[in-house]
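Residue numbers for the sequence shown follow my numbering, beginning at 60 and rising by one.
Contents: one structure, followed by commentary.
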Amino acid sequence: MAAASPPSPAGRFERRWTLREEREAIESLQADVCAALHGAGFPEASVFAVRLALEEALVNGFRHGNRGDAAKSVKVWCAIEGGRVELEVEDEGEGFDPASVPDPTAEENIEIPSGRGIMLMRAYMSEVEFLPPGNRLRIVYVMPAPGAPAA
């Protein structure tokens, strides 16, 4: 499930995982990331934002990227340091063009479930980037300054 990472400098969390679509492994990854965020002093609203975006990225990787193929995995890399969390989620699919995903807020798409995960990631994260060929996602969350609203 999780690949051991070399020791990190104090105050930095960095870890890699290779997951199959198994609920226990996915929940363990999410719990590890949330615990690291709490340990780094992220407020609950920030932890919620990162967890939601990570869950959407994983669902998209397994469902759309790997097309539900149980033989395929999703790789996740996470680094947390200094009020910033960066995640990369890579599936074994061929990739896609994110511009081809219909806008879920457009009236003609309200009934279509496609695109809501990407919309949520963009709403909650500071940066969302699909790396070519479109099977690797990089999301970044920067903790708001004290007194500023989260996400």
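Quick reminder that beta carbons are idealized off the backbone N, C-alpha and C, glycines included.
Remember, it's a predicted structure, so these values are computed and weren't measured experimentally.
- The residue from R82, M178, V187, A130 with its alpha-carbon nearest to that of V160 is M178.
- In the displayed model, V106 falls within a helix according to three-state DSSP.
- Using a Cβ distance threshold of 8 Å, E147 and W136 count as a contacting pair.
- Exposure of G70 is indicated by the presence of fewer than 16 other C-beta atoms within 10 angstroms of its C-beta.
- By the 16-neighbour rule on beta-carbons within 10 angstroms, I169 is exposed.
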